[in-house]
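First comes the structure, then the notes that go with it.
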Amino acid sequence: ELVRWGELERASEFVDPEMQAAYLTQAEAFQGIRFTDFESGAMQMDEEKKTATTLVVYHAYSVSTLLEKRISENQQWYRDEETFNQWRVRPQLRQVIGGVTGR
Numbered sequence: 435e436l437v438r439w440g441e442l443e444r445a446s447e448f449v450d451p452e453m454q455a456a457y458l459t460q461a462e463a464f465q466g467i468r469f470t471d472f473e474s475g476a477m478q479m480d481e482e483k484k485t486a487t488t489l490v491v492y493h494a495y496s497v498s499t500l501l502e503k504r505i506s507e508n509q510q511w512y513r514d515e516e517t518f519n520q521w522r523v524r525p526q527l528r529q530v531i532g533g534v535t536g537r
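This note's numbering puts the first residue of the sequence shown at 435, with every later residue one more than the last.
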């Protein structure tokens, strides 16, 4: 939801710490993208409830083309035991950006 509203800095709090810096460098690319909606599928959890995957579908357009596209991202989440079981995600934002901008 935070990605949809362009709040990547706040969303980065949920990103795998090893990926946060790279995640935030992509914020500039999002300035030209507008999200109109998103859908999140059911979470598929492992038996120990330590990892989960879900399909997120974004509806977005580039302000330079105004052509809305539908982009799917298979998100992988895990419980970060170092932060008292906070859920972390390993996003694929390059895939999302490329799906909207064609790059």
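All C-beta atoms, glycine included, are put in the ideal place defined by N, C-alpha and C.
Here R522 is buried, its C-beta having at least 16 other C-beta atoms within 10 Å. Judged by pairs of C-beta atoms under 8 angstroms, the stretch 502-517 touches the stretch 479-489, as three or more such pairs exist.
If you keep only unbroken alpha helix (DSSP H) runs of at least 4 residues inside the stretch 445-495, you get 454-459.
Here DSSP, grouped into helix, strand and coil, assigns V523 to strand. Per DSSP, R513 is one residue of the beta strand (DSSP E) stretching across E502 to D514. Secondary structure of V534 (DSSP, three-state): helix. When the five nearest sequence neighbours on each side are left out, the beta carbons in the same chain lying within less than 7 angstroms of the beta carbon of D471 are those of H493, in order along the chain. Within the same chain, and ignoring the five residues on either side of E515 in sequence, no residue has its Cβ closer than 7 angstroms to its Cβ.
In this structure, the straight-line span from the alpha carbon of G475 to that of G532 is close to 21 angstroms.
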